[in-house]
Amino acid sequence: MIDLAVLGLLSESDLHGYELKKRLREIMGPLSSVSFGSLYPALARLERDGLVEAVMLDAVDHSSPSIPMTGSLSGEAAAFRAGRLRSVRGSRNKKVYAISPAGRARLGELIADPSGDERNFNLKLAFCRWTEPDVRLTLLERRRAALVDCLSEGRRSIVAGSERIDRYVRSLMEHHTESTERDIAWIDRLIAAERTTAEPMAAEHAGPPVESQTIGGKP
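Residue numbering for the sequence shown follows the numbering used here, starting at 236 and increasing by one per position.
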């Protein structure tokens, strides 16, 4: 899960460790167990595997001409890599992490991998914009199929236990099936929107229609 979250966040912008931990907590929820003790080893592993790149921002160089700060650490990191940044705020070095091309490819693989759907669907969906349309649509269709199976099982359980469960347990089971029905309706809307977006793109990539060729003035 942490690889998916880190690569997804770094696809949006370059981040240093503290800001990355803060964003992980936001996207994974307040109960997230991600700590610096687990984050930095994960970053080191991703860097070793060539999935992220680390940029060390130099401490302030007072001999360099003053360059206005962008107000964004990711912007300053980009300026540094372009050779435009000679100093950064503060007296301590900061290591900024950026996703590599291999990391972007790996992010797509993690989103496409069906084995992580049950636990990581929400996280995958949050970073779907970084994947190809067919990957997004397949993810949504897999999730819909899983929800339909869950709904069928829930309804069967209610019928099978109708004579032995009390009304309180039954109400909980009915609440679960109703929630699943709402989730399916939500997924259906996402699928419809994805298909609507994909159709113009497919037509654009297809190019203009091929005109029929004529031989000797005849089609």
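Yeah, the Cβ is synthetic: ideal placement off N, Cα and C, and Gly gets one too.
Bear in mind that the values here come from a model prediction, so they are computed numbers and not experimental data.
DSSP places VAL370 in the uninterrupted alpha helix (DSSP H) bounded by 368-395. Closest by C-alpha distance to ARG354, out of VAL241, MET263, HIS251, GLU398, is MET263. The residues TRP365, THR366, GLU367, VAL370, in chain order, have a CB closer than 8 Å to that of GLY343 in the same chain once the five nearest residues on each side in sequence are set aside.
Close CB contacts of ILE393 within its chain, under the 6 Å cut and outside five residues either way in sequence, are with MET408 (chain order). According to the DSSP assignment, VAL241 belongs to no beta strand (DSSP E) but to the alpha helix (DSSP H) extending over 237-247. In this structure, the alpha-carbon of TRP421 lies about 14 Å from that of PHE356. Boundaries of the beta strand (DSSP E) around ILE334: 329-334.
Within a 10 Å sphere around the beta-carbon of TYR403 sit fewer than 16 other beta-carbons, which makes this residue exposed. Pairing ASP423 with ARG379, the inter-Cα distance amounts to about 8 Å.
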